[in-house]
Amino acid sequence: MENNIDLSYERHGKGPPLVLIHGFPLDLSIWDKVVPLLENDFDLIAPDLRGFGESSTMDGPCTMLDFANDIAGLLDFLGVEKAAFAGHSMGGYVALAFAKEYPERVSGLALISSQPGADNLERKEGRYKTAQDVADKGVGVVAEAMTPKLSANKEVQDFVRALTIAQSKNGVIGALKAMAERDDFMSILPQFKFPILLIHGDADALIPVDRAREVKAVLPEARLVELTGAGHMPMLEVPDETAEALKLLK
Ligand code: MLT
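Under our numbering, the first residue of the sequence shown is numbered 20, with each subsequent residue one higher.
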C-alpha cells in the first residue's frame, strides 16, 4: 500500500460510504459503540492510522498528509472513489488534510471534538517535549496526562487509558510531531464545496467547544451539534446522540 504502510481497517454496514478516523493516541475501537447504530445508514470504513492499532508503524516522522494519503490508498484498494469523512480530534486534522488534497473525493466532513486551527508556539513546544518524554519513559506518560482530559466518565477513562498504553512508542511520537507541524485549515474551510458538520461536547476539557463555535461563526452554513455534558469522547460517552448527529452526513 501507499508509503509501504499496511493499514488495518474494519468495514461494516450498507449505504453511502462514511470513513471514521480515530484521534490520538487511540485506534478504531473508539467507534465500537456507534458502528451498530450507523450500519443501516452507511458503508462504514474505519481505519487504524499508521502507527496505531493493528496498522504498521513508521520509523521516521510523518505528516497529516501521510496519514491522509494512507487513507486514499485504502479507499483505492476498496474501490471507493468518494466518501463522507468523520474525524475525531486528530482524526479531524487528518480528514482536513485529506479534503485539502482530494476535495473531489469528499461528499461531507464532520469534525468531532476537533478544530481546524494549527498549534500555537507553546502547544507545539509542548508536543516536542511530550515526544521526548515518550521516547525516554514510554507511552504511559501520555496515558496519565491525557486520560483525565478525555472524559470525566470513569468507564470511558479506563477504556482510553488501556487503549493509549497499548499503542506503540513510534506511533505516538510520530503523531505528536505530525500534529505540531500541521497546517492551519481555518482559511481554506470556506473553499470546501461539501457540507461541514461540527459535533462537540460542551464539557470537552481538551479542545473547548468554543473552537467549534468559532468555525460556525465564520461558516454559518456549517451545522453545529453541541452535545450537552459530553467531554472529548462523545462516541463513547453519548453514542446515541453522536450517531444521530452523524446521520446528518447522509
Ligand atoms: C486528539 O484527541 O486526537 C488530540 O489530543 C488532539 C490534539 O492534541 O490536538
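Built from N, CA and C at the ideal position, the CB exists for glycine as well.
Status (buried if at least 16 other CB within 10 Å, exposed otherwise) for residue i
| i | result |
| --- | --- |
| residue 237 | exposed |
| residue 30 | exposed |
| residue 140 | exposed |
| residue 96 | exposed |
| residue 261 | buried |
| residue 67 | buried |
| residue 135 | buried |
| residue 142 | exposed |
| residue 203 | exposed |
| residue 110 | buried |
Nearest candidate by alpha-carbon position, reference residue i, set the options
| i | options | result |
| --- | --- | --- |
| residue 153 | 48, 51, 191 and 93 | 191 |
| residue 137 | 115, 100, 163 and 167 | 115 |
| residue 72 | 146, 45 and 63 | 45 |
| residue 127 | 144, 211 and 49 | 211 |
| residue 2 | 107, 27 and 100 | Here the chain has residues from 20 to 269 only, and residue 2 is not among them. |
| residue 197 | 255, 144 and 66 | 144 |
| residue 43 | 217, 223 and 195 | 195 |
| residue 82 | 217, 219 and 69 | 69 |
| residue 189 | 217, 265 and 80 | 80 |
| residue 254 | 202, 131 and 173 | 131 |
| residue 249 | 235, 218, 239 and 268 | 218 |
| residue 267 | 49, 208 and 104 | 104 |
| residue 146 | 59, 193, 58 and 57 | 193 |
| residue 216 | 223, 123, 175 and 269 | 269 |
Nearest-angstrom Cα separation, counted from residue j out to residue i
| i | j | result |
| --- | --- | --- |
| residue 233 | residue 113 | 20 Å |
| residue 55 | residue 257 | 14 Å |
| residue 230 | residue 129 | 14 Å |
| residue 85 | residue 171 | 32 Å |
| residue 187 | residue 161 | 12 Å |
| residue 252 | residue 200 | 24 Å |
| residue 169 | residue 177 | 11 Å |
| residue 205 | residue 89 | 23 Å |
| residue 20 | residue 40 | In this predicted model, residue 20 has a pLDDT of only 48, less than 50, meaning its place in the structure is not dependable; the value taken from the coordinates is given anyway. So the two alpha carbons sit approximately 18 Å from each other. |
| residue 241 | residue 183 | 32 Å |
| residue 164 | residue 179 | 12 Å |
| residue 77 | residue 133 | 24 Å |
| residue 225 | residue 65 | 23 Å |
| residue 23 | residue 93 | 12 Å |
| residue 148 | residue 87 | 25 Å |
| residue 100 | residue 25 | 19 Å |
| residue 181 | residue 214 | 35 Å |
| residue 263 | residue 155 | 42 Å |
| residue 119 | residue 228 | 23 Å |
| residue 33 | residue 108 | 25 Å |
Nearest-angstrom beta carbon gap, residue j and residue i [assumed within contact, 8 Å]
| i | j | result |
| --- | --- | --- |
| residue 102 | residue 36 | 4 Å |
| residue 246 | residue 221 | 7 Å |
| residue 117 | residue 91 | 7 Å |
Residue i: CB within 7 Å of a non-hydrogen atom of the ligand ZN
| i | result |
| --- | --- |
| residue 251 | Absence of the ligand ZN from the depicted structure is noted, with the ligand MLT being the only ligands included. |
- Could you give the uninterrupted runs of the beta strand (DSSP E) lying entirely in the stretch 30-92, keeping only those of 3 residues or more? As far as the stretch 30-92 is concerned, its whole beta strand (DSSP E) runs of at least 3 residues are 36-40 and 62-66.
- Message: Extract the residue ranges of the alpha helix (DSSP H) inside the stretch 184-250, only unbroken runs of 4 or more that lie entirely within it.
- Response: For the stretch 184-250, whole alpha helix (DSSP H) runs of length 4 or above, ordered along the chain, are 188-199 and 228-237.
- Task: Could you pull out every unbroken beta strand (DSSP E) segment of at least 3 residues lying fully inside the stretch 89-127, listed in chain order?
- Result: 102-107
- Report the residue ranges of all beta strand (DSSP E) runs contained in full by the stretch 143-174; include only those spanning at least 3 residues, in chain order. none
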